[in-house]
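Line by line, the protein sequences give chains A, B and C. Quick note on the numbering used here: the first sequence kicks off at 56 and runs consecutively. Quick note on the numbering used here: the second sequence kicks off at -19 and runs consecutively. Quick note on the numbering used here: the third sequence kicks off at -14 and runs consecutively.
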Amino acid sequence: MSTLNAPPVSRALPSAEMPAAQERSRGYWTSALLRFRRDPVAMGAAVMVLLLIMLAIVGPWITPADPYAASMLKRLKPIGTEGFPLGTDELGRDMLSRLMAGARLSLFIGITPVVLAFLTGSVIGILAGYAGGMTNTAIMRTVDVFYAFPSVLLAIALSGVLGAGLVNSLTSLTIVFIPQIVRVAESVTTQVRTRDYVEAARASGASPFTIVRVHVLGNVLGPIFVYATSLIAVSMILASGLSFLGLGVKPPEPEWGLMLNTLRTAIYVQPWVAALPGLMIFITSISFNILSDGLRSAMDNKS
Amino acid sequence: MGVRRSRMGVSYPSQHPCQPTTMLAYLLRRIAYALPIMLGVALVCFLLVHIAPGDPLVSVLPADASVELQAQLRELYGFNRSLPEQFVMWVWRAMHGDLGMSIASNRPVATEVMVAVSNTLRLAVVATALGFLLGCLFGFVAGYFRHSWLDRLASMLSVLGVSVPHYWLGMVLVIIFSSQLMWLPATGAGPGGSDEWAWNWAHLQHLVLPAITMSVIPMGIVARTVRALVSDILDQEFIVGLRAKGLTHLDIFRHMVKNAAPTALAVMGLQLGYLLGGSILIETVFSWPGTGFLLNSAIFQRDLPLLQGTILVLALFFVLLNLLVDVLQTLLDPRIARA
Amino acid sequence: MSLHDDIGGPAQPLLSIRGLQKHFALKKGLMGQGGGVVRAVDGVDFEVLKGETLGVVGESGCGKSTTARLLMQLITPTAGEVIFDGCTVGSRDLPLKEFRRQVQMVFQDSYASLNPRLTIEDSITFGPQVHGVPRREALARTRDLLARVGLEPARFAERYPHELSGGQRQRVNIARALALQPRMVILDEAVSALDKSVEAQVLNLLTELKAEFGLTYVFISHDLNVVRYVSDRVMVMYLGQVAEIGPSDALFSQPAHPYTGALLSSMPSMDPDHRTEEPPLAGDPPNPINPPSGCRFHPRCGLAAPVCAQRMPVHSLTGPHHMAACLVHEPGSGHPRAPLAPAPAA
Chain A
56 MSTLNAPPVS RALPSAEMPA AQERSRGYWT SALLRFRRDP VAMGAAVMVL LLIMLAIVGP
116 WITPADPYAA SMLKRLKPIG TEGFPLGTDE LGRDMLSRLM AGARLSLFIG ITPVVLAFLT
176 GSVIGILAGY AGGMTNTAIM RTVDVFYAFP SVLLAIALSG VLGAGLVNSL TSLTIVFIPQ
236 IVRVAESVTT QVRTRDYVEA ARASGASPFT IVRVHVLGNV LGPIFVYATS LIAVSMILAS
296 GLSFLGLGVK PPEPEWGLML NTLRTAIYVQ PWVAALPGLM IFITSISFNI LSDGLRSAMD
356 NKS
Chain B
-19 MGVRRSRMGV SYPSQHPCQP TTMLAYLLRR IAYALPIMLG VALVCFLLVH IAPGDPLVSV
41 LPADASVELQ AQLRELYGFN RSLPEQFVMW VWRAMHGDLG MSIASNRPVA TEVMVAVSNT
101 LRLAVVATAL GFLLGCLFGF VAGYFRHSWL DRLASMLSVL GVSVPHYWLG MVLVIIFSSQ
161 LMWLPATGAG PGGSDEWAWN WAHLQHLVLP AITMSVIPMG IVARTVRALV SDILDQEFIV
221 GLRAKGLTHL DIFRHMVKNA APTALAVMGL QLGYLLGGSI LIETVFSWPG TGFLLNSAIF
281 QRDLPLLQGT ILVLALFFVL LNLLVDVLQT LLDPRIARA
Chain C
-14 MSLHDDIGGP AQPLLSIRGL QKHFALKKGL MGQGGGVVRA VDGVDFEVLK GETLGVVGES
46 GCGKSTTARL LMQLITPTAG EVIFDGCTVG SRDLPLKEFR RQVQMVFQDS YASLNPRLTI
106 EDSITFGPQV HGVPRREALA RTRDLLARVG LEPARFAERY PHELSGGQRQ RVNIARALAL
166 QPRMVILDEA VSALDKSVEA QVLNLLTELK AEFGLTYVFI SHDLNVVRYV SDRVMVMYLG
226 QVAEIGPSDA LFSQPAHPYT GALLSSMPSM DPDHRTEEPP LAGDPPNPIN PPSGCRFHPR
286 CGLAAPVCAQ RMPVHSLTGP HHMAACLVHE PGSGHPRAPL APAPAA
């Protein structure tokens, strides 16, 4: 073999190369969460989102008055009226109660399409990204056609065609968001697929399904998830917008967008009461946006 | 809603950069690629409308219409043919500028749509320009003075821009400026019918509130993009080199504009497209007689030809705008053709 | 210690490559420009004997890494055969999954080779578990291997790749390759990215492991000194073909192919008696899309004759187990320096 004589090297590493003994190993999500905790604005937004979600869950049960109780005598009372701290709407119902009860429906129609799109879009996108070739081309060209529509247009066209109603607007919004998630999923999966550790996994004889499960998913779902959270704010505004146009939830359900619609004519009579539901949408949207931005910064540092 | 990069095939190894044939080939390829997309868009439009439940003629016919009358109308609108036939006929006619007749108003769809498009364009162009200017300003300030309080403030403004429900913002502006202060009108596009327009104050005053409302979203997105661009450019090492050579701030600014312009303009172009297609909510609030308004009435009157025609025109505008943006970007930055 | 039964005995080569080819097609432009084919690997024949270390050298772009991936079947060859211990890979005698258990690879980029989301332990146990080894046994094997490559299991098993240095990660990659108890390991520039001192340690580790586990190595590198240190035989590649292959000492002291000679002369020398003077390789680096006609090296070769542009040389024996693809050594080739063809038997 070799003619050069190398001094025998002991197998143990020199002590300088040892990692610090005290620190526990941190996984990917743990270190991202820790970084997130250090950002005060993002934490504030996270708290807000948590409050809103709690409101959505328990809201209808803790309202001070019945959100459906109408009274033509008490129509459009201003903010600060006795017994109606935020005034009443055009049918005399207590605004505070309706706003609280409306959180459930508004958040539901905002978040659900994104969740559904995340689930279906990820599967399609990861498939397109890992399979490559003709499968990829077929899927991505189809996605391109849907991408050729501005999202608002597509959502309204779909809603208009399917008709008003909760399920229909959920369907149309999900369809609008799926192509966006597929794009992100495919892009990230294609990047990961060419990494050496995936090649090494193929070299050890694993089936494509196992490789995707063990190596691809963990590296891909993070970025897709962060992208999906950035869609929630858009979805909320769009979903409430559909109700605002009369294409979403039907009266008398309390939903912030719908409330804006029915109170539109009241802006000359009780402007600030009429503007309240939109304020709720705004607060929710901003909180989700800041939360999603914060998540992205926390994840970006590592990857 | 960021910038889209066109995807080209991998080249190995890369060909010589600035050859005109490469650019021309890229452009031709890009244009040729848009054609199947447009066909796909037409297909989706058509399918959208025809999978709707319900008989399309229901909105037009009186309840006691005779069978012959029904058959006549069906024949007239072509509803009795098979779907593929209807699709081909519709596309063929559309290519010649005939989008059918509106069931509700009995006027040609093409005319109605074009009038509405011109109204929306006016609004959208002004809104985009305004949003772009403000967005560039905020974005530049945020990126240049990174991590300072200016950055935080400007970034906060852009987040606000993106998060605000624009239809609500419209309502609030109407409350403040129309109802309370009475400075500006609340609805409509001005005196006279929807196809009359003049650039005088009588009309412009109607434009102010809707344009401001509409400009908020592009402002937010452009600000975010410009901030990232400026930040990236500042990070590059050759800036340090340039400073070492003694360049003034003004020169660096000019340099930054040159580098950031292609992407920023691309984003602006895309935003214009989104506003064109997505104007319905704001137009509803301000009763602005544009495409959104038309879409709204088409939906509620179940006027299928009008609905189909409007969606098609809006989507095609968007595709063409995307194409234009891609082409312009390539002309400004030849590296993309090579990529 | 390999558990796999030796099929053909020590005389049979472990790996036999015949006529291996890999062509990449280029996309044609809209106007018909572009197109063409990159001949990354263009007709490669060689053997890897049991228990040896075969070094593979050549300039960037000569096809070394592509060949490695073709051997591992990570990319499918355009043509050619890969025969492992007498069985064709992918046939019923040797299904692909079984082949993958017997041949493993260590890559150049130690960080990119490890999944950043998995602990070291999980990365190493993945392979055995794919082949049906129960988790407890796989874990035991992992800890054992970590100790053998010099990483204390208690400290390292639950770490993540980003917490380790380059040399440590490469040791992990080696442990991962050995976890499947392979018979052959392909090392694709495995030490090229490491600092010199770490490189020496890892090389010594590889040598020890080879003796202990009875492995066969294919060692790809562009560093001639390292290749000389570890290899028994060396193969020199140029533009997708084998230029020369032979015993390490013979090849380095008496290179038969002009390209090998040029490569060796370009090594900086510490010996004042043998100074490196002019750059021995002239001409432009090769283009794999449009290779030169005839012998591919002829535009840059100091010994080129007109016939070199016309005829593609075949492998000619220039010494015991030593072959070069050069017309100079091919009897009757027409090159002024070539020996005459042997007279036909009467």
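C-beta atoms are modelled at their ideal positions from N, C-alpha and C, and glycine is treated no differently. These numbers come from a predicted model, not from an experiment.
Residue-level contact to chain A via CB, residue i, 8 Å cutoff
i                         : result
aspartate 256 of chain C  : no
tryptophan 70 of chain B  : no
serine 211 of chain B     : no
serine 98 of chain C      : yes
isoleucine 11 of chain B  : no
arginine 295 of chain B   : Before going further, note that residue 295 of chain B is alanine rather than arginine in the sequence given. Yes, its Cβ sits closer than 8 Å to a Cβ of chain A.
methionine 162 of chain B : no
Simplified DSSP assignment, three categories, for residue i
i                        : result
lysine 82 of chain C     : helix
arginine 282 of chain B  : coil
lysine 35 of chain C     : coil
arginine 148 of chain A  : coil
proline 232 of chain C   : strand
glycine 28 of chain C    : strand
aspartate 78 of chain B  : coil
lysine 7 of chain C      : strand
glutamine 89 of chain C  : strand
glutamine 226 of chain C : strand
glycine 65 of chain C    : strand
histidine 307 of chain C : strand
Under 8 Å between C-beta atoms of residue i and residue j
i                       : j                         : result
threonine 52 of chain C : leucine 5 of chain C      : yes
glycine 91 of chain C   : isoleucine 2 of chain C   : One detail in the question is off: residue 91 of chain C reads as valine in this sequence, not glycine. Contact flag unset, no.
proline 284 of chain C  : proline 277 of chain C    : yes
leucine 318 of chain A  : glutamate 145 of chain A  : yes
glycine 215 of chain A  : isoleucine 279 of chain B : yes
tyrosine 214 of chain C : leucine 188 of chain C    : yes
arginine 288 of chain B : cysteine 25 of chain B    : It should be noted that the sequence gives glutamine, not arginine, for residue 288 of chain B. A contact, by the Cβ cut-off of 8 Å.
leucine 209 of chain A  : valine 231 of chain A     : yes
glycine 119 of chain B  : valine 237 of chain B     : no
arginine 144 of chain C : threonine 201 of chain C  : no
Between the CA atoms of residue j and residue i - distance to the nearest angstrom
i                         : j                         : result
valine 183 of chain C     : serine 150 of chain C     : 10 Å
threonine 303 of chain C  : arginine 86 of chain C    : 36 Å
serine 343 of chain C     : histidine 147 of chain C  : Missing from the structure shown is residue 343 of chain C; chain C here goes from -14 to 331 and no further.
arginine 133 of chain C   : methionine 291 of chain A : 57 Å
serine 259 of chain B     : leucine 313 of chain A    : 19 Å
glutamine 295 of chain C  : glycine 317 of chain C    : 14 Å
leucine 248 of chain C    : leucine 179 of chain C    : 22 Å
proline 327 of chain C    : leucine 4 of chain B      : 60 Å
alanine 142 of chain C    : valine 247 of chain A     : 24 Å
alanine 169 of chain B    : arginine 87 of chain B    : 21 Å
alanine 323 of chain C    : cysteine 280 of chain C   : 15 Å
isoleucine 341 of chain A : isoleucine 197 of chain B : 13 Å
glycine 141 of chain B    : threonine 339 of chain A  : 14 Å
glycine 28 of chain C     : leucine 55 of chain C     : 12 Å
Cβ of residue i within 8 Å of any chain B Cβ
i                         : result
arginine 351 of chain A   : no
arginine 248 of chain A   : no
valine 169 of chain A     : no
isoleucine 211 of chain A : yes
asparagine 100 of chain A : Sequence check: residue 100 of chain A is alanine here, not asparagine. No, alanine 100 of chain A lies away from the interface with chain B (no Cβ there is under 8 Å from its Cβ).
Interface flag, residue i vs chain C, CB-CB below 8 Å
i                       : result
threonine 85 of chain A : no
arginine 257 of chain A : yes
aspartate 94 of chain A : no
CB contact below 8 Å: residue i versus chain E
i                         : result
isoleucine 230 of chain A : The chain labelled as chain E is not found among the protein chains of the depicted structure, namely A, B and C.
Checklist entry - Along the region 177 to 204 of chain A, what residues have a CB closer than 9 Å to any CB found in chain B? => result Considering only beta carbons, the part of the region 177 to 204 of chain A lying closer than 9 Å to chain B consists of Met195, Arg196, Thr197, Asp199, Val200, Phe201, Tyr202, Ala203 and Phe204, in chain order.
Next on the checklist: So if I threshold CB-CB distances at 7 Å, which residues from the region 280 to 301 of chain A count as touching chain B?
Outcome noted: For the region 280 to 301 of chain A, which is checked against every Cβ of chain B, the residues closer than 7 Å are Ala288, Ile292, Ser295, Gly296, Phe299 and Leu300.
Item to check | Cβ-based contacts, 8 Å cut-off: residues of the region 87 to 114 of chain B near chain A | outcome: Residues of the region 87 to 114 of chain B whose Cβ lies closer than 8 Å to any Cβ of chain A: none.
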